[in-house]
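Down below is the structure, laid out as structure tokens.
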Amino acid sequence: MNTLQITQQVVNQYFICLQQASLKPIPWNIYHTNCDPAIATLDPTCIYFNKVFQEMEQHLTVRGLTFYLTWDTDKLPSYGDNVVAILLGDEHCRIPSYIHKVRAIFKTLTTRLMMRENFFLQPSYLNLMILIQFLRSWLIRTPGLLNFWFHRLIGAKIAHIYDIPLGYYKQDDLPVKDIVERQYDIFFAGSLMPNHPILSWRYWLRNPKDIVRKQMLSAVKKLPTKYAQLKIAVSTTNDFGLEGKFYTDERSYSEKLMDTKICLAPRGTVLETFRFFEGLRYGCIVVAQVLPDSWFYQGCPAIQLSAWNELEQIIEGILQNKELMQIQQEKTLKFWHEKCSEVSVGNFMAAKLNSP
Numbered sequence: 253m254n255t256l257q258i259t260q261q262v263v264n265q266y267f268i269c270l271q272q273a274s275l276k277p278i279p280w281n282i283y284h285t286n287c288d289p290a291i292a293t294l295d296p297t298c299i300y301f302n303k304v305f306q307e308m309e310q311h312l313t314v315r316g317l318t319f320y321l322t323w324d325t326d327k328l329p330s331y332g333d334n335v336v337a338i339l340l341g342d343e344h345c346r347i348p349s350y351i352h353k354v355r356a357i358f359k360t361l362t363t364r365l366m367m368r369e370n371f372f373l374q375p376s377y378l379n380l381m382i383l384i385q386f387l388r389s390w391l392i393r394t395p396g397l398l399n400f401w402f403h404r405l406i407g408a409k410i411a412h413i414y415d416i417p418l419g420y421y422k423q424d425d426l427p428v429k430d431i432v433e434r435q436y437d438i439f440f441a442g443s444l445m446p447n448h449p450i451l452s453w454r455y456w457l458r459n460p461k462d463i464v465r466k467q468m469l470s471a472v473k474k475l476p477t478k479y480a481q482l483k484i485a486v487s488t489t490n491d492f493g494l495e496g497k498f499y500t501d502e503r504s505y506s507e508k509l510m511d512t513k514i515c516l517a518p519r520g521t522v523l524e525t526f527r528f529f530e531g532l533r534y535g536c537i538v539v540a541q542v543l544p545d546s547w548f549y550q551g552c553p554a555i556q557l558s559a560w561n562e563l564e565q566i567i568e569g570i571l572q573n574k575e576l577m578q579i580q581q582e583k584t585l586k587f588w589h590e591k592c593s594e595v596s597v598g599n600f601m602a603a604k605l606n607s608p
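In my numbering, the protein residues as written are 253 to 608.
Put into structure tokens, the structure is as follows:
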């Protein structure tokens with residue numbers, strides 16, 4: 253056996269499997285300092301995971317592993333005890349079909365389908381839409397559950413599935429700015445669905461993400477009537493009637509977020525959202541609704557609301573106390589570094605893969 257063959261056996265290999273071509277893996281050299289630009293162009297989340305993998309490599313004691321960063325819950329380019337899947341973007345919390353064919357799976361958006369709202373105890377249009385979405389996801393994930401229980405029943409080796417954070421998306425590396433020196437009191441940037449005609453089924457069956465975000469923006473819209481001095485920046489992908497009434501800024505999303513005291517992080521299609529982690533990373537005071545129970549949310553200093561109509565009293569209590577804001581910023585940055593940063597997640601993944 254020549255030297256090249258030996259090296260190929262002991263070096264860990266990394267690939268990205270694009271959503272439209274998951275069986276055609278693209279080789280990924282994770283040792284580029286700031287992520288290979290060609291890889292980062294394919295998907296911006298690779299910038300975060302490139303740093304995660306670099307940190308993980310420093311602590312891995314196992315070699316010869318093949319890592320696939322993928323969005324596919326059904327198939328991978330290869331299988332075996334040396335294969336590790338990093339699964340992104342599955343909003344239905346599915347258990348991958350290949351759970352019995354790989355060494356381990358690290359997954360954003362978890363496999364535990366959660367519904368914190370109870371339509372029957374608290375009936376509302378929002379809770380009804382959440383219930384419908386929940387039932388739809390259960391239906392979609394049923395084949396994966398049956399596959400899991402079948403292989404468990406016959407005694408097949410089942411890979412562990414570990415929850416990992418979403419990370420950040422298209423976020424620059426910027427020096428952290430003292431929170432009291434930041435220009436914006438409140439900032440939100442995100443997508444909203446356009447209004448549909450009343451005869452469209454989309455008018456009646458709306459995504460909970462869209463309902464919640466419009467509730468949040470409605471609460472934000474009321475703030476200047478009581479707090480005229482507030483500097484609020486809102487940027488949405490369609491016209492919600494807010495942009496012209498608030499402070500406008502042509503700087504990038506990252507620059508505006510770093511200049512923000514309070515980052516609003518409403519739910520996406522599921523409870524988790526990139527905005528939440530991006531706000532933590534930049535040392536903002538993050539305001540969100542109820543968070544999932546994954547390990548990297550436990551002990552989080554983010555302010556959690558039960559409903560967005562509570563926003564006004566939260567704002568009043570925070571912005572008038574500079575010392576409290578600085579304490580909250582310190583807690584937020586500490587939490588990011590200890591639970592969600594590339595270093596923390598890389599160490600977590602290495603520990604799980606090193607364990608028997």
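Beta carbons are placed, not taken as given, at the ideal position from N, Cα and C, and that holds for glycine.
Computed from a prediction, not measured in an experiment: that's the story for all the values here.
Item                                                                                                                               : Value
Neighbour flag for phenylalanine 587 against chain B, beta carbons, 8 Å                                                            : Here chain B cannot be found, since the structure has a single protein chain.
Proximal residues to leucine 275 (C-beta, below 7 Å), its chain only, five neighbours per side dropped                             : Lys327 and Pro329
Close beta carbons around asparagine 599, own chain, < 8 Å, minus the five adjacent residues each side                             : Glu307, Met308 and His311
Euclidean distance between Cα positions of isoleucine 347 and aspartate 511                                                        : 39 Å
Test item: CB-CB of glutamine 578 and valine 428 under 8 Å                                                                         : no
Supposed close pair threonine 362, proline 544 - CB separation, criterion 8 Å                                                      : 6 Å
CB of lysine 565 within 8 Å of CB of isoleucine 537, strictly                                                                      : Residue identity check: residue 565 is glutamine in the sequence provided, not lysine. In this structure, isoleucine 537 does not lie closer than 8 Å to glutamine 565 by Cβ.
Cα-Cα separation, isoleucine 338 to phenylalanine 440                                                                              : 29 Å
8 Å Cβ cutoff met for isoleucine 318 and glutamine 271                                                                             : Correcting the residue identity first, residue 318 is threonine in this sequence and not isoleucine. In this structure, glutamine 271 does not lie closer than 8 Å to threonine 318 by Cβ.
Own chain residues within Cβ distance below 8 Å of alanine 279, not counting five before or after                                  : Note on residue identity: the sequence assigns proline, not alanine, to residue 279. Gln265, Tyr266 and Phe267.
Status (buried if at least 16 other CB within 10 Å, exposed otherwise) for glutamine 541                                           : buried
Segments of 4+ residues assigned as alpha helix (DSSP H) that fall wholly inside the region 390-456                                : 453-456
Cut-off 8 Å between Cβ atoms - residues of its own chain near methionine 468, not counting five sequence neighbours on either side : Phe440, Leu516, Pro518, Trp560 and Leu563
Unbroken stretches of the alpha helix (DSSP H), 4 residues or longer, contained in the region 301-336                              : none
Outcome for tyrosine 283 when other beta-carbon atoms lying within 10 angstroms are tallied against a minimum of 16                : exposed
Buried versus exposed, by CB contacts within 10 Å (16 or more), serine 389                                                         : buried
Helix, strand or coil at isoleucine 291 [DSSP, three-state]                                                                        : helix
CB contact flag (methionine 367, isoleucine 382, <8 Å)                                                                             : yes
Opening and closing residue of the beta strand (DSSP E) in which arginine 355 lies                                                 : 354-359
Continuous alpha helix (DSSP H) stretch holding threonine 584: start and end                                                       : 574-587
Whole-number beta carbon distance between tyrosine 421 and phenylalanine 358, since they are thought to touch under 8 Å            : Wrong, their Cβ atoms sit about 18 Å apart, outside the cutoff.
Residues of its chain near leucine 557, where Cβ-Cβ distance is below 8 Å and the 5 sequence neighbours each way are ignored       : Val539, Ala540, Gln541, Leu563 and Ile566
Beta-carbon proximity of isoleucine 410 to histidine 344, cut-off 8 Å                                                              : no
Test item: CB-CB of leucine 571 and tyrosine 534 under 8 Å                                                                         : no
Endpoints, the alpha helix (DSSP H) within which phenylalanine 526 is located                                                      : 526-533
Spatial distance of tyrosine 377 from valine 262 (CA atoms)                                                                        : 55 Å
Leucine 605, enclosing alpha helix (DSSP H) - first and last residue                                                               : 594-606
Buried/exposed call for aspartate 333, threshold 16 Cβ in 10 Å                                                                     : exposed
Three-state class that DSSP yields for lysine 483 in the structure shown                                                           : coil
Contact under 8 Å by Cβ, threonine 477 with leucine 444                                                                            : no
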